[in-house]
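Chains as they are written, first to last, in our numbering: chain A, 14 to 605; chain B, 14 to 605. For every residue, glycine included, the Cβ atom is placed at its ideal position computed from N, Cα and C. Working notes for the structure below.
Number of protein chains: 2
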Amino acid sequence: MPAYTAPTKDIQFVLDEVLIISGSDVPGYSDLQPDFTGAILDEAGKIARDILAPLNAPGDTEGCRIENGVVHTPRGFKEAFATMKDGGWNGLDLPEEFGGQGLPYLIGIAVGEIFVSANMAFNMYQGLTHGAIGAILAHGTEAQKATYVPRMASLDWTGTMNLTEPHCGTDLGILRTRAEPQKDGSYKITGQKIFISAGEHDLADNIIHLVLAKAPGGGEGTRGISLFIVPKFLVGEDGSLGQRNAVAAGKIEEKMGIHGNATCVMNYDGATGFLIGDLHKGMRAMFTMMNEARLGVGLQGYAVAEAAYQNAVAYAKDRLQGRAATGAKNPDGPADPLIVHPDIRRNLMDQKSFVEGARAFTLWGASLIDRSHRAGDAEAEGLISLLTPVIKGFLTDKGFEMAVNAQQIYGGHGYIEEQGMSQFTRDARITMIYEGANGVQALDLVGRKLAADGGKHVLAFFGLVKRFIKENEGSEALKGDFLDPLKAASKDLQAAGMFFMQNGMKNPDAALAGSYDFMHLFGHVCLGLMWARSAKAAQEALAGGSDDKDFYKAKLATGRYYMARQLPMTAIHLARIQTGADPVMALPAESF
Amino acid sequence: MPAYTAPTKDIQFVLDEVLIISGSDVPGYSDLQPDFTGAILDEAGKIARDILAPLNAPGDTEGCRIENGVVHTPRGFKEAFATMKDGGWNGLDLPEEFGGQGLPYLIGIAVGEIFVSANMAFNMYQGLTHGAIGAILAHGTEAQKATYVPRMASLDWTGTMNLTEPHCGTDLGILRTRAEPQKDGSYKITGQKIFISAGEHDLADNIIHLVLAKAPGGGEGTRGISLFIVPKFLVGEDGSLGQRNAVAAGKIEEKMGIHGNATCVMNYDGATGFLIGDLHKGMRAMFTMMNEARLGVGLQGYAVAEAAYQNAVAYAKDRLQGRAATGAKNPDGPADPLIVHPDIRRNLMDQKSFVEGARAFTLWGASLIDRSHRAGDAEAEGLISLLTPVIKGFLTDKGFEMAVNAQQIYGGHGYIEEQGMSQFTRDARITMIYEGANGVQALDLVGRKLAADGGKHVLAFFGLVKRFIKENEGSEALKGDFLDPLKAASKDLQAAGMFFMQNGMKNPDAALAGSYDFMHLFGHVCLGLMWARSAKAAQEALAGGSDDKDFYKAKLATGRYYMARQLPMTAIHLARIQTGADPVMALPAESF
Numbered sequence: 014m015p016a017y018t019a020p021t022k023d024i025q026f027v028l029d030e031v032l033i034i035s036g037s038d039v040p041g042y043s044d045l046q047p048d049f050t051g052a053i054l055d056e057a058g059k060i061a062r063d064i065l066a067p068l069n070a071p072g073d074t075e076g077c078r079i080e081n082g083v084v085h086t087p088r089g090f091k092e093a094f095a096t097m098k099d100g101g102w103n104g105l106d107l108p109e110e111f112g113g114q115g116l117p118y119l120i121g122i123a124v125g126e127i128f129v130s131a132n133m134a135f136n137m138y139q140g141l142t143h144g145a146i147g148a149i150l151a152h153g154t155e156a157q158k159a160t161y162v163p164r165m166a167s168l169d170w171t172g173t174m175n176l177t178e179p180h181c182g183t184d185l186g187i188l189r190t191r192a193e194p195q196k197d198g199s200y201k202i203t204g205q206k207i208f209i210s211a212g213e214h215d216l217a218d219n220i221i222h223l224v225l226a227k228a229p230g231g232g233e234g235t236r237g238i239s240l241f242i243v244p245k246f247l248v249g250e251d252g253s254l255g256q257r258n259a260v261a262a263g264k265i266e267e268k269m270g271i272h273g274n275a276t277c278v279m280n281y282d283g284a285t286g287f288l289i290g291d292l293h294k295g296m297r298a299m300f301t302m303m304n305e306a307r308l309g310v311g312l313q314g315y316a317v318a319e320a321a322y323q324n325a326v327a328y329a330k331d332r333l334q335g336r337a338a339t340g341a342k343n344p345d346g347p348a349d350p351l352i353v354h355p356d357i358r359r360n361l362m363d364q365k366s367f368v369e370g371a372r373a374f375t376l377w378g379a380s381l382i383d384r385s386h387r388a389g390d391a392e393a394e395g396l397i398s399l400l401t402p403v404i405k406g407f408l409t410d411k412g413f414e415m416a417v418n419a420q421q422i423y424g425g426h427g428y429i430e431e432q433g434m435s436q437f438t439r440d441a442r443i444t445m446i447y448e449g450a451n452g453v454q455a456l457d458l459v460g461r462k463l464a465a466d467g468g469k470h471v472l473a474f475f476g477l478v479k480r481f482i483k484e485n486e487g488s489e490a491l492k493g494d495f496l497d498p499l500k501a502a503s504k505d506l507q508a509a510g511m512f513f514m515q516n517g518m519k520n521p522d523a524a525l526a527g528s529y530d531f532m533h534l535f536g537h538v539c540l541g542l543m544w545a546r547s548a549k550a551a552q553e554a555l556a557g558g559s560d561d562k563d564f565y566k567a568k569l570a571t572g573r574y575y576m577a578r579q580l581p582m583t584a585i586h587l588a589r590i591q592t593g594a595d596p597v598m599a600l601p602a603e604s605f
Numbered sequence: 014m015p016a017y018t019a020p021t022k023d024i025q026f027v028l029d030e031v032l033i034i035s036g037s038d039v040p041g042y043s044d045l046q047p048d049f050t051g052a053i054l055d056e057a058g059k060i061a062r063d064i065l066a067p068l069n070a071p072g073d074t075e076g077c078r079i080e081n082g083v084v085h086t087p088r089g090f091k092e093a094f095a096t097m098k099d100g101g102w103n104g105l106d107l108p109e110e111f112g113g114q115g116l117p118y119l120i121g122i123a124v125g126e127i128f129v130s131a132n133m134a135f136n137m138y139q140g141l142t143h144g145a146i147g148a149i150l151a152h153g154t155e156a157q158k159a160t161y162v163p164r165m166a167s168l169d170w171t172g173t174m175n176l177t178e179p180h181c182g183t184d185l186g187i188l189r190t191r192a193e194p195q196k197d198g199s200y201k202i203t204g205q206k207i208f209i210s211a212g213e214h215d216l217a218d219n220i221i222h223l224v225l226a227k228a229p230g231g232g233e234g235t236r237g238i239s240l241f242i243v244p245k246f247l248v249g250e251d252g253s254l255g256q257r258n259a260v261a262a263g264k265i266e267e268k269m270g271i272h273g274n275a276t277c278v279m280n281y282d283g284a285t286g287f288l289i290g291d292l293h294k295g296m297r298a299m300f301t302m303m304n305e306a307r308l309g310v311g312l313q314g315y316a317v318a319e320a321a322y323q324n325a326v327a328y329a330k331d332r333l334q335g336r337a338a339t340g341a342k343n344p345d346g347p348a349d350p351l352i353v354h355p356d357i358r359r360n361l362m363d364q365k366s367f368v369e370g371a372r373a374f375t376l377w378g379a380s381l382i383d384r385s386h387r388a389g390d391a392e393a394e395g396l397i398s399l400l401t402p403v404i405k406g407f408l409t410d411k412g413f414e415m416a417v418n419a420q421q422i423y424g425g426h427g428y429i430e431e432q433g434m435s436q437f438t439r440d441a442r443i444t445m446i447y448e449g450a451n452g453v454q455a456l457d458l459v460g461r462k463l464a465a466d467g468g469k470h471v472l473a474f475f476g477l478v479k480r481f482i483k484e485n486e487g488s489e490a491l492k493g494d495f496l497d498p499l500k501a502a503s504k505d506l507q508a509a510g511m512f513f514m515q516n517g518m519k520n521p522d523a524a525l526a527g528s529y530d531f532m533h534l535f536g537h538v539c540l541g542l543m544w545a546r547s548a549k550a551a552q553e554a555l556a557g558g559s560d561d562k563d564f565y566k567a568k569l570a571t572g573r574y575y576m577a578r579q580l581p582m583t584a585i586h587l588a589r590i591q592t593g594a595d596p597v598m599a600l601p602a603e604s605f
């Protein structure tokens, strides 16, 4: 069964040496001294290793089951959930007035990586609750916040998001769930929602559903959509649980993975709902949560890959098979360990250089959200809004690919469920789909974010890359290995943007046909930037005489690998983009 | 539930217009007139559509189960197996003297694609039998052939291959199963074999295991290995079934996919075995079967992708979601079908251009095997030996990737098992692993095949590409769209080979670090060649006034897509290869 050890040192490297958060002017960041964050990460790491990770494979095998509308989570989940509750982990980055600890979002994300790596399916119960709290805090009335948030922050109650219906997911404009206004100001919600993660379970006393539905008078399409709070049990004014609401799980889906999380069909049969935010402005309310939710899914992509990688490394060091081409490395054994073989290294280096780059990228993204929320920085807000589809789409595509790579290290043993490597692949697969399938992320990036506000966010990004290169051009250690490749990759990204500008106006398909490649091109440039920044930090630590030379040297070697062997992918993405719409759209639909 | 229709027209296009088999001088090929092969493919297509495909998803859900050593296959498999038996499908390309129909191997492969697409797990029972027959035909005594082959050809009995043990798969030199010689010339086989596909089941009266084991006196490593026939029931001189042999399935593995095939742990407790081939030359006996077995797995890679593709297309045409960026295409409906969206097209074109190119590549490979076996053509033998790891490694990596792509078209519906798209991904995953994990294919390609016989096979390949380009350079239709990109890609492949020659001698790791990229680079060049050849055929058909213009135009458009958007990948593979061993090997093992 796979094991997991939180990579606290790598996380702290990003926080303290790459992002240098304790020196940041974002309110709250000056408290984030290494000792303090280290203690939090260590504690999270212990829970992850000792409680969550051991439940991951059993939770996959056992799965959830439904009996008369009651969903049972796998054995051990209840006790583990109690641990999360007792530790106040869900409230880490929630406001103190609602029972949280008021730490920056960045810390929630750093801890989140650890919990997700250990047990993604389990962590979703908490993660979705956190997302629902975000919506209520952003759009709820004071009374709604007071009623729901403290109990959700404490995990007495959990939350869900209800968007998808059988006939629509991406295109919410055609959803059918109806909200009928009642005399008392509430609504009767009627319709069916599907793919509702944590829609029903036995971990909490109440479940607070956030539901998109159409109320009369809103017109066609997404304009007619409003957002409603629909609690499983209605809540009295004193906070007590009242009547069971007319909402129930009709079934739970058999899925490829995340079996420990109950994915429910939710039936709303005139359930009592309460409008949250403005009437007919439900889409806007959902969208304000999107950045965080999508960053959270990008995190899942690399967090699962991290767990898979750790086990692939252990196996590669342990499994004896064949001899090194350069002479036996384990001459007294029957064979050498797998890790001597260059192609095994290639595979492991792909994983390692991705995961570490992705972590830096995601934590940087989280710090931009903090800067936007806590310091009201509009540039940070614009930048993270641009980068969000990249974080979500690129990191989940690559995270899945790396989970597959890790599974491959095990050979035949990777294919049987007993070893647990198949689960990482199966679990990671969903991250490419939910919270907006990755094709939709690419569409969002190219069709909306790129040109938003006159394109100033992407220009800000280019400025940032340029500045970093300029500031560090004097460094011999960075120049050839890091800055030159970064500059070339960034030029490819600019050329792609230019192509869209010149061709997308005449024919939107010319841009959209390249949207997926653009998302990946952008992702590579971001990871290239993060590796250049990480290399600078490592270089400085070595120059400063750190006594942890191996750690920093490994950072440099891993970064060099990424720059030399992954970053050049930008050229092919650009080449594809520049072929325009023709190759993609040439075939009439009936010829497929 | 997914449906499947055999792409007989596409298969025949390759046979009749690209490979032009009926005009070939390979013995037996002149009989392969379009009407004749068409009738066979149609009949196979009917069985695939009506009998095998409908059992695919149920077989996945139900899986195999073991009770007291008896393995039960999923409901319906017995009846379907009887259909395969009655139709004589397994004997299609086996010698007539053993009850086969004596057709070329190529036809077996063309039909094999259809059966694998419809139900990969089911088809393995037959496919492994076919492989075992190949070993017996190549290395068995006349008596062994007479005893086993006719009953296996007819599928009264099935066969297996037993290589892997718990501690070794790739590195068979360290295997532990022992063969003790007996006075009567037989051997007592003792040991445990794992991951034995179709190791035990209820579809046949007897199971003929081919088992690698070490007999005394063979020395260390692979030199000591011999191959043995170990029947489940011993066979009397009159062909009757005798005593149950001391071989039994200890358990069946829980796997990620191919649940309809029983993957068994086989325990040999002094089982009676009969030497096949020369003592201590078992590895050689296995290797002579490798080309065909590995080509068969490469076929699985694209055959599963074909089935997934068909369903992705159907969904993309049916599912209404969003509006085309260039204006509504289905204005009377609530939304446009997915297929209007450029990124959906991009995804589908990736799949289509891969599958069709892969089919041509595989059928060409099969024709090289026929040319080698039937015409004793040493050049063909050398070429297919070089191309085999490319067919296996590249087509299965890409086949899996395309199954994932097809699943992605379904959005959330692709993740739930009910829709059947997850199964294609899970089934395809094994093809990258078994019959030599793809990293081992890359090692075989670069470490062995490339330089074999003084490198003359790869030179023959380059000659072939060059000749094709030269012969067709006058064609305007081919020049810019097909020949120029093919030439560039082939140059990349040559440069990569050159890099290995110049650096691999000094440091084998410099070549091996690039082995995986080389395999993919080579694969792209092969598919580029196949598309150029296909384009030529399509062009000629159009020039000849074919009244099936849409079909040939689609071939050209699909080929152009591959050349414009996939083939340029050769540049990045070359760039990676040229970084040599350093980036890959820089990190000490303890830094992973």
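query                                                                                                                                                                                                               : result
So what does DSSP say about GLY283 (chain A), is it helix, strand or coil?                                                                                                                                          : strand
For the region 177-191 of chain B against the region 200-214 of chain B, do three or more pairs of beta-carbon atoms, one drawn from each stretch, fall closer than 8 angstroms, so that the two count as touching? : yes
Does THR235 (chain A) have its Cβ less than 7 angstroms from a Cβ in chain B?                                                                                                                                       : no
Less than 7 angstroms between the C-beta atoms of TYR17 (chain A) and ALA298 (chain A), yes or no?                                                                                                                  : no
Does GLN591 (chain B) come within less than 7 angstroms of chain A when only Cβ atoms are used?                                                                                                                     : no
From VAL417 (chain A) to GLY452 (chain B), what distance separates their C-alpha atoms?                                                                                                                             : 13 angstroms
Contact criterion: CB-CB distance below 7 angstroms. Does LEU525 (chain A) meet it with respect to chain B?                                                                                                         : yes
Could you check what DSSP says for VAL162 (chain B) in three-state terms: helix, strand or coil?                                                                                                                    : helix
Less than 7 angstroms between CB atoms is the rule here; does THR183 (chain A) satisfy it with respect to chain B?                                                                                                  : yes
Are there 16 or more other CB atoms within 10 angstroms of the CB of VAL84 (chain A), so buried, or fewer, so exposed?                                                                                              : buried
Around the C-beta of ARG164 (chain A), are 16 or more other C-beta atoms found within 10 angstroms, so that it is buried, or is it exposed?                                                                         : buried
Could you tell me the boundaries of the beta strand (DSSP E) in which MET174 (chain A) lies?                                                                                                                        : 170-175
I need the boundaries of the alpha helix (DSSP H) containing VAL353 (chain B), first residue and last residue.                                                                                                      : Premise fails: VAL353 (chain B) is in no alpha helix (DSSP H) and is neither H nor E.
Helix, strand or coil for GLY263 (chain B) per DSSP?                                                                                                                                                                : strand
Report all residues from its chain with a CB closer than 6 angstroms to the CB of HIS10 (chain A); omit the five preceding and five following residues, and keep chain order.                                       : Because chain A in this structure spans residues 14 to 605, residue 10 (chain A) falls outside the shown range and cannot be described.
Output needed for ASN304 (chain A): all residues of its chain with C-beta closer than 7 angstroms, excluding positions within five of it in sequence on either side, in chain order.                                : ILE382, ILE397, SER398 and THR401
So THR339 (chain B) contacts chain A; which residues on that side make the cut at Cβ distance below 9 angstroms?                                                                                                    : ASN520, PRO521 and ASP522
When you compare only the Cα positions, how much space is there between LEU463 (chain B) and HIS470 (chain B)?                                                                                                      : 7 angstroms
Measuring CA to CA, which of A:GLY113, A:ASP63 and A:THR74 is closest to GLU92 (chain A)?                                                                                                                           : A:ASP63
So which residues of chain B does ARG578 (chain A) contact, with C-beta pairs closer than 7 angstroms?                                                                                                              : ARG589, THR592 and PRO596
Could you check whether the Cβ of SER5 (chain A) sits closer than 7 angstroms to any Cβ belonging to chain B?                                                                                                       : Residue 5 (chain A) is absent from the structure shown; chain A starts at 14 and stops at 605.
May I ask which residues mark the beginning and end of the beta strand (DSSP E) holding TYR200 (chain A)?                                                                                                           : 200-210
Using a Cβ cut-off of 7 angstroms, pull out every chain A residue sitting near PHE208 (chain B), in sequence order please.                                                                                          : GLY425
Going along the chain, which residues of the region 434-445 of chain B sit with their C-beta nearer than 8 angstroms to a C-beta in chain A?                                                                        : SER435, THR438, ARG439, ARG442, ILE443 and MET445
Can you tell me where the alpha helix (DSSP H) holding LYS98 (chain B) begins and where it ends?                                                                                                                    : 90-99
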